[in-house]
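Since the structure comes first, as structure tokens, the remarks are kept for the end.
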Amino acid sequence: MSQADLKKKALAYHRLPKPGKLSVESSKPCSTQEDLSLAYTPGVAQPVLEIARNPKTAYDYTNKGNLVAVITDGTAILGLGNLGPLAAKPVMEGKGVLFKQFAGIDVYDIEVNAKTPQEFIKVVEAIAPTFGGINLEDIAAPHCFEIEAALKKSLDIPVFHDDQHGTAVIICAGLINALQVQGKTLEAAKIVCLGAGAAGIASLNLLVAMGAKKSNILLVDSKGVVHKGRSDLNSFKKAYARQTQLRTLADAMTGADAFIGVSGANLVSPAMVKSMAAKPVVFALANPNPEILPEKAKAARSDLIMATGRSDYPNQVNNVLGFPFIFRGALDARAKQITEAMLIAAVHALAGLARERVPATVLKAYKLTQLKFGPDYILPKPFDPRLAQRVPQAVAKAATVKPKNATGKTTRAKKAAVKKVAMKKTVTKKTTAKKTTAKKAVAKKTPVPTRRR
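Its first residue numbered 264, the sequence shown is counted upward by one per residue in our numbering.
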């Protein structure tokens, strides 16, 4: 399809037969006088009073438990940049369609005209009682990190930034499978990440949580390799600064096992791909045009595994594999937040599903005769019906597992504190014992006076 045809069809899709992609429909009948009296006054007063007495019953009497806010400030719309909140509305509506289509979750899309992260945070905090979860979308780094951290701290419902954690989950699932096909492991793999924004940093954080070694990771931004000699790094980049003489992307790619691109079009050359280690993995995920086209990458290296963000090539890294099902699991478990353990559970569920036999329904949906785990199939297809059970169940299970420090196992900091208290008690006991011994010694040496009569 030509760009002109795509533009024409896309605009017609969004405009006809009525503008937009979302609408609100009643989930209860309202066709009689009795229905009306139950839906609104006087009947509606009863759930109001119940919720006032016990706020948890909002999940029983309203749509809160199945309602997510898809919310943005429009500062990083897809690959189009900062075009403002109103221009972001088609994307937010589209996200709502995917939530409903794949996980049965209702969405209100909300576009916020906020000039600072603090303004945005206040708006979300103010409207949070309406929702069972908050999906942050298309917010530029580094503000997205600040916003997410503040909201996770202040709200008692799950807060999820899809550009960070949704992308990270799919990248991790695809990468561990690709490395397995290539006979490599995450723990030993040398990884280069081009792009130090929300997606890049979050993906590296999750990879490290799953076993990747920071000493094997090179982060590259628009100014080159992120190294300890640079003075222009924010705190998120500093976490991945290496002591190295490497300075360019070409330097970093030499001998690398895996490349993750979340940056821009045509930034990787065939020569860079040639310089990678044997059996490399290349994830060129910039949309709509990747860092290197699969044709060029495969011409340079016949032994590579390639993934992009596009649906017209094998191995599409598509966030729709993650966010609807992660939220479904979180809502079902009535989780107060989406934890690292829940994200890792989603990674393993997705990776494991791709290794299983593909059902005939999936082959039919994609007009394929065969699909098998291997170089051209490292992630499940979005229309795989098993996703709707497998991923939410794994996420919900992880949500109900208590963290280690809540099950009797202590964290390193807690162990140190316990050790300090124990040492203090020991010192106190020894001091007390010394004092007691001294007193006894004095008592033996000092004659007991006799009472004179």
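C-beta: ideal position from N, C-alpha, C; glycine also. Computed from a predicted structure; not experimentally measured.
Whole-angstrom distance between residue j and residue i, CA atom to CA atom
| i | j | result |
| --- | --- | --- |
| residue 418 | residue 337 | 22 Å |
| residue 642 | residue 510 | 33 Å |
| residue 317 | residue 310 | 10 Å |
| residue 467 | residue 499 | 11 Å |
| residue 274 | residue 362 | 22 Å |
| residue 350 | residue 462 | 21 Å |
| residue 490 | residue 496 | 9 Å |
| residue 259 | residue 387 | In the structure as shown, the chain starts at 264 and stops at 716, and residue 259 therefore has no counterpart that could be examined. |
| residue 271 | residue 320 | 47 Å |
| residue 690 | residue 547 | Note that residue 690 has pLDDT 47, beneath the 50 cutoff, so the model's placement of it is unreliable and no number is given. |
| residue 528 | residue 553 | 5 Å |
| residue 364 | residue 646 | 10 Å |
| residue 663 | residue 604 | 10 Å |
| residue 492 | residue 485 | 16 Å |
| residue 640 | residue 354 | 28 Å |
| residue 558 | residue 606 | 32 Å |
| residue 685 | residue 535 | Bear in mind that a pLDDT of 49 at residue 685, under 50, signals an unreliable position, so the model cannot answer this. |
| residue 305 | residue 279 | 39 Å |
| residue 580 | residue 456 | 15 Å |
| residue 560 | residue 630 | 26 Å |
| residue 523 | residue 444 | 17 Å |
| residue 289 | residue 570 | 41 Å |
| residue 517 | residue 537 | 8 Å |
| residue 315 | residue 624 | 47 Å |
| residue 442 | residue 644 | 19 Å |
| residue 268 | residue 575 | 17 Å |
| residue 619 | residue 652 | 15 Å |
| residue 276 | residue 264 | 15 Å |
| residue 568 | residue 648 | 26 Å |
| residue 302 | residue 440 | 51 Å |
| residue 389 | residue 665 | 29 Å |
| residue 246 | residue 602 | What is shown of the chain runs 264 to 716, which leaves residue 246 out entirely. |
| residue 429 | residue 494 | 30 Å |
| residue 638 | residue 291 | 48 Å |
Segment limits, alpha helix (DSSP H) that includes residue i
| i | result |
| --- | --- |
| residue 605 | 603-617 |
| residue 659 | 650-663 |
| residue 409 | 406-417 |
| residue 268 | 266-278 |
| residue 718 | Since the displayed the chain opens at 264 and closes at 716, residue 718 lies outside it and no answer follows. |
| residue 624 | 623-628 |
| residue 308 | 308-316 |
| residue 589 | 586-595 |
Span of the beta strand (DSSP E), counted from its first residue to its last, around residue i
| i | result |
| --- | --- |
| residue 468 | Segment 461-472 is the alpha helix (DSSP H) holding residue 468; no beta strand (DSSP E) there. |
| residue 398 | 396-399 |
| residue 423 | 422-424 |
| residue 535 | Per DSSP, residue 535 belongs to no beta strand (DSSP E); it is in the alpha helix (DSSP H), 533-537. |
| residue 335 | 330-335 |
| residue 522 | 521-524 |
| residue 371 | 369-374 |
| residue 484 | 480-484 |
| residue 457 | 454-457 |
| residue 547 | 544-547 |
Whether residue i touches residue j by CB criterion (8 Å)
| i | j | result |
| --- | --- | --- |
| residue 284 | residue 331 | no |
| residue 326 | residue 403 | no |
| residue 391 | residue 427 | no |
| residue 504 | residue 592 | no |
| residue 566 | residue 541 | yes |
| residue 436 | residue 610 | yes |
| residue 744 | residue 613 | Residue 744 lies beyond the stretch modelled for the chain, which goes from 264 to 716, so this question has no answer here. |
| residue 432 | residue 585 | yes |
| residue 590 | residue 412 | no |
Reference residue i, options the options, closest by Cα
| i | options | result |
| --- | --- | --- |
| residue 550 | 516, 343, 664 and 428 | 343 |
| residue 481 | 454, 475 and 288 | 454 |
| residue 420 | 574, 399 and 434 | 399 |
| residue 471 | 526, 353 and 434 | 434 |
| residue 577 | 606, 635 and 532 | 635 |
| residue 380 | 620, 356 and 408 | 408 |
| residue 328 | 619, 615, 356 and 599 | 599 |
| residue 488 | 477, 476 and 508 | 508 |
| residue 452 | 429, 460, 476 and 432 | 476 |
| residue 449 | 460, 478, 422 and 429 | 478 |
| residue 324 | 266, 382, 393 and 622 | 393 |
| residue 583 | 401, 358, 632 and 648 | 358 |
Contact belief for residue i with residue j at Cβ below 8 Å, rounded distance in angstroms
| i | j | result |
| --- | --- | --- |
| residue 659 | residue 596 | 4 Å |
| residue 368 | residue 587 | 6 Å |
| residue 650 | residue 396 | Actually they do not touch by this definition, with Cβ atoms about 18 Å apart. |
| residue 544 | residue 562 | In fact, because the Cβ distance is near 17 Å, the residues do not count as touching under 8 Å. |
| residue 526 | residue 458 | 4 Å |
| residue 375 | residue 334 | 6 Å |
| residue 530 | residue 556 | With 8 Å as the limit, residue 530 and residue 556 do not qualify as a contact, their Cβ atoms being about 12 Å apart. |
heavy atom of the ligand SAH below 7 Å from residue i C-beta
| i | result |
| --- | --- |
| residue 358 | The ligand SAH is absent from the structure shown, which contains no ligands of any kind. |
Min CB distance residue i to chain B below 8 Å
| i | result |
| --- | --- |
| residue 577 | Reference to chain B is not applicable here, since this structure consists of a single protein chain. |
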